[in-house]
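Written below as structure tokens is the structure these notes are about.
2 protein chains.
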Amino acid sequence: MPCRRYRWGMETRELRYFVAVAEELHFGRAARRLGIAQPPLSRAIAQLERRLGVALLERTSRAVALTEAGSVLLVEGRAALDAVEAAERRTRRAALVGAGRPGLVLVTKAGASGELLSKLLDAYASEPGAVSVDVLLCGIGEQERLLRDGRADVALLHRPFDSTVGLDTEELSTEGQVVVLPAGHPLTAQAQVRMADVTALSDLPPPRRPGPDGTYPDGPGPQVRDSTQLYQLIALGRASAVLPESCRADLRRDLVAVPVLDAPTVTTVIAWPPHSRSLALAGLIRTAIRL
Amino acid sequence: MPCRRYRWGMETRELRYFVAVAEELHFGRAARRLGIAQPPLSRAIAQLERRLGVALLERTSRAVALTEAGSVLLVEGRAALDAVEAAERRTRRAALVGAGRPGLVLVTKAGASGELLSKLLDAYASEPGAVSVDVLLCGIGEQERLLRDGRADVALLHRPFDSTVGLDTEELSTEGQVVVLPAGHPLTAQAQVRMADVTALSDLPPPRRPGPDGTYPDGPGPQVRDSTQLYQLIALGRASAVLPESCRADLRRDLVAVPVLDAPTVTTVIAWPPHSRSLALAGLIRTAIRL
DNA sequence: GGCGTCGATACCTCCCGGGTATCCATCGAG
DNA sequence: CTCGATGGATACCCGGGAGGTATCGACGCC
Chain A
449 MPCRRYRWGM ETRELRYFVA VAEELHFGRA ARRLGIAQPP LSRAIAQLER
499 RLGVALLERT SRAVALTEAG SVLLVEGRAA LDAVEAAERR TRRAALVGAG
549 RPGLVLVTKA GASGELLSKL LDAYASEPGA VSVDVLLCGI GEQERLLRDG
599 RADVALLHRP FDSTVGLDTE ELSTEGQVVV LPAGHPLTAQ AQVRMADVTA
649 LSDLPPPRRP GPDGTYPDGP GPQVRDSTQL YQLIALGRAS AVLPESCRAD
699 LRRDLVAVPV LDAPTVTTVI AWPPHSRSLA LAGLIRTAIR L
Chain B
449 MPCRRYRWGM ETRELRYFVA VAEELHFGRA ARRLGIAQPP LSRAIAQLER
499 RLGVALLERT SRAVALTEAG SVLLVEGRAA LDAVEAAERR TRRAALVGAG
549 RPGLVLVTKA GASGELLSKL LDAYASEPGA VSVDVLLCGI GEQERLLRDG
599 RADVALLHRP FDSTVGLDTE ELSTEGQVVV LPAGHPLTAQ AQVRMADVTA
649 LSDLPPPRRP GPDGTYPDGP GPQVRDSTQL YQLIALGRAS AVLPESCRAD
699 LRRDLVAVPV LDAPTVTTVI AWPPHSRSLA LAGLIRTAIR L
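Protein chains in written order, with the working numbering: chain A, 449 to 739; chain B, 449 to 739.
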């Protein structure tokens with residue numbers, strides 16, 4: 449009779465449970481995080497292992513560890529959960545278009561490519577059939593995740609800093625880099641400098657930015673979260689930074705930018721998840737390519 | 449009390465149900481395909497719409513149509529289901545490595561890059577720490593799907609024929625193309641030809657190959673499924689074909705290949721899903737790059 | 001050796017996914 | 001216009017399983 453569910457594949461609930469346990473490596477904590485009791489969680493994981501016919505965790509009653517298969521499922525499962533979330537979010541958003549709600553969400557790093565972005569938005573808005581575009585500003589390395597889990601539809605990325613794996617891209621512009629220094633600093637007397645000159649400034653170390661996991665790398669420089677903090681620290685004479693030329697448009701009056709001859713050039717690209725080619729997205733990309 | 453499931457996102461069961469209905473545009477047929485009765489399916493879809501707060505289907509009691517949001521969920525949902533399936537398959541496979549079971553599955557089009565492939569497999573097999581590699585041969589345009597749903601881990605693709613969107617790639621080799629003709633054909637007297645010479649052969653039209661959906665495009669040429677059929681038809685004087693140079697190694701004795709000067713060059717690339725960088729995969733890719 | 005920790009087991013409850021029977025709207029044939 | 005066929009929605013029932021609490025059992029630690 450009824451209820452022979454187990455005949456199809458995994459349910460997202462099972463995946464969420466497994467990912468929680470695999471991340472915590474502790475059933476109790478994982479259960480608390482999931483808002484359920486520990487026993488059902490144990491059962492669910494056991495059932496998942498039975499269904500897959502695979503041992504995912506080594507339990508030794510004092511410690512929990514991932515098996516080889518378990519670590520595969522952790523990374524693949526995260527990707528799958530992201531895809532499910534993306535489906536949900538994009539569907540919800542698609543239903544709101546027209547009521548003045550965002551038809552597209554564009555994500556880029558705060559304080560980068562500002563001029564390019566505003567030109568793009570202006571140009572697209574005057575296209576026939578343009579939908580409204582929301583702009584989402586985020587930190588470094590977050591864009592890929594936002595595109596994958598559906599919070600954003602399209603991103604402005606900067607090679608070689610941002611990874612573009614798994615995304616479709618089109619190049620928009622390339623530019624050199626400048627070193628940003630406090631006004632009056634000796635180096636600002638020069639028309640251009642080299643990377644060696646910049647790294648030699650041990651009293652003005654490069655700042656440390658948080659990674660995707662929110663932690664800061666070790667090093668001498670001050671920790672910064674956004675460009676306002678960064679500019680203030682440079683103005684205070686506590687740091688210097690090598691940034692793409694276009695940052696000049698946003699610079700405070702007490703900062704000076706000097707071209708760095710041998711810094712790698714930065715390419716701004718527009719990137720989007722390869723399978724989601726909606727008409728609105730295609731229009732935005734076309735506009736972007738035409739600059 | 450117990451059971452407040454609905455607080456988290458979609459379940460894969462709901463997605464599978466919706467995709468079935470969206471593809472069939474008919475609740476009864478979809479239910480039959482899913483192996484369940486029609487009423488539970490209606491309920492499940494209604495519940496999904498309630499959960500998302502979004503209308504996915506327009507039902508008019510005689511016809512079912514997708515809303516805008518529904519077509520978004522169809523494409524995003526398929527991608528998500530593929531990702532879940534991929535997680536399941538790759539996890540199962542990861543658990544079998546060591547028992548002589550395939551550690552990696554490489555997919556490529558039948559009858560392409562044969563020499564490169566065997567050199568790659570030989571070179572990789574002699575690496576320290578190599579796992580066993582299964583080779584999967586498939587038709588045109590199937591590779592992307594096999595990589596996405598986890599039936600394969602890595603593919604040999606041929607630009608510009610195969611799409612590489614959403615995949616990480618490394619170029620392996622480039623080659624020109626040749627036209628394959630029956631021995632004794634007048635054109636075989638020449639050392640090289642141009643595309644115009646080939647398209648002028650209206651008695652030897654290019655063959656039609658099935659697309660990803662299994663249907664053949666319209667046109668004059670004969671329908672072929674694989675290279676054996678193709679070679680036989682050429683030998684019979686019913687077709688000709690422009691193929692990468694490397695096909696020469698597989699040619700029957702009664703066929704002749706003539707270089708085509710202005711045909712686009714073909715690049716063989718090794719491609720893999722961007723997030724799945726297992727050690728075994730990395731080793732194979734490294735070997736491939738070193739040719 | 002007792003105690004604390006943590007995962008597994010036992011057992012209960014009730015929600016929900018599955019079923020069948022039926023209703024109702026629409027379309028087409030006559 | 002009526003009537004049957006078609007196809008989705010509704011009503012209702014049933015059983016499995018997802019959730020809970022209580023407890024066990026294994027291990028590490030003081």
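Think of the CB as a built atom: it goes at the ideal place given N, C-alpha and C, for glycine as much as any other residue.
Fewer than three Cβ pairs drawn from the segment 569 to 583 of chain B and the segment 678 to 686 of chain B lie within less than 8 Å of each other, which leaves the two stretches out of contact. Within chain B, the residues ALA535, GLU536, ARG538, THR539, ALA542 have their CB atoms less than 9 Å from the CB of LEU521(A), given in chain order. For LEU703(A), the enclosing beta strand (DSSP E) has its first and last residue at 703 to 708. Annotation for ARG607(A): the continuous beta strand (DSSP E) segment containing it runs 602 to 607.
For the C-beta of PRO634(A), not a single chain B residue is nearer than 8 Å; the gap to the nearest is close to 45 Å.
For GLU459(B), there is no enclosing alpha helix (DSSP H), as DSSP marks it with neither H nor E.
The bridge partners DSSP lists for SER650(A) come to none.
With at least 16 other beta carbons inside 10 angstroms of its own, GLY598(B) counts as buried. Residues of the segment 497 to 514 of chain A that bring their beta carbon within less than 8 Å of a beta carbon in chain B comprise LEU500, GLY501, VAL502, ALA503, LEU504, in sequence order.
Shown here for SER724(B): same chain residues with a beta carbon closer than 8 Å to its own, the five before and five after excluded, namely ARG538, ASP601 in chain order.
The alpha-carbon of GLY518(B) is positioned some 6 Å away from that of LEU505(B). GLY457(A) has a beta carbon lying within less than 7 Å of a beta carbon in chain B.
Non-local C-beta neighbours of GLU536(A) in its own chain, meaning closer than 8 Å and more than five positions away in sequence, comprise GLY598, ordered along the chain.
Judged by DSSP secondary structure, LEU629(B) falls within the beta strand (DSSP E) whose first and last residues are 625 to 630. Out of GLY667(A), ALA644(A), ASP645(A), the CA that lies nearest to the CA of PRO655(A) is found in GLY667(A). Close to chain B, meaning a Cβ-Cβ distance shorter than 9 Å, is no residue of the segment 554 to 586 of chain A at all. In the three-state reduction of the DSSP assignment, VAL545(A) falls in the strand class. When the alpha-carbon of THR636(A) is set against those of LEU463(A), VAL706(A), ALA711(A), VAL583(A), the nearest one is in VAL706(A). Going by C-alpha positions, GLU472(B) is about 6 Å away from ALA478(B). When C-alpha distances from VAL581(B) are compared across ALA631(B), ARG593(B), ARG491(B), LEU565(B), the shortest belongs to LEU565(B). Within the same chain, no residue comes within 6 Å of ARG541(A) by CB-CB distance, once the 5 residues on both sides are set aside. At a cut-off of 7 Å between beta carbons, ASP651(A) makes no contact with chain B. Here the C-alpha atom of PRO608(A) lies approximately 11 Å from the C-alpha atom of ALA711(A). Under the 7 Å criterion on CB atoms, THR716(A) is classed as non-interfacial with respect to chain B. Taking the Cα positions, GLN671(A) is about 55 Å away from SER490(B). Residue range 714 to 720 is occupied by the beta strand (DSSP E) that includes ILE718(A). At a cut-off of 7 Å, the C-beta of ASP616(A) has a neighbouring C-beta in chain B. Note on geometry: alpha-carbon atoms of SER726(B) and THR713(B) lie some 32 Å from one another. The three-state secondary structure of ARG507(B), taken from DSSP, is strand.
Secondary structure at PRO692(A): strand, using DSSP grouped into helix, strand and coil. Residues of the segment 716 to 737 of chain B that bring their beta carbon within less than 8 Å of a beta carbon in chain A comprise PRO721, PRO722, HIS723, SER724, SER726, in sequence order. With 16 or more other Cβ atoms from the protein chains shown falling within 10 Å of its own Cβ, ILE733(A) counts as buried.
In this chain, the alpha helix (DSSP H) harbouring ASP570(B) covers 562 to 573.
Note that the segment 521 to 535 of chain A touches the segment 523 to 532 of chain B; at least 3 beta-carbon pairs, one per stretch, sit closer than 8 Å. For LEU514(B), the uninterrupted beta strand (DSSP E) segment begins and ends at 512 to 514.
A distance below 7 Å between beta-carbons, with the five flanking residues on each side excluded, links THR735(A) to the following residues of its chain, in chain order: LEU568, ALA571, TYR572, GLU575.
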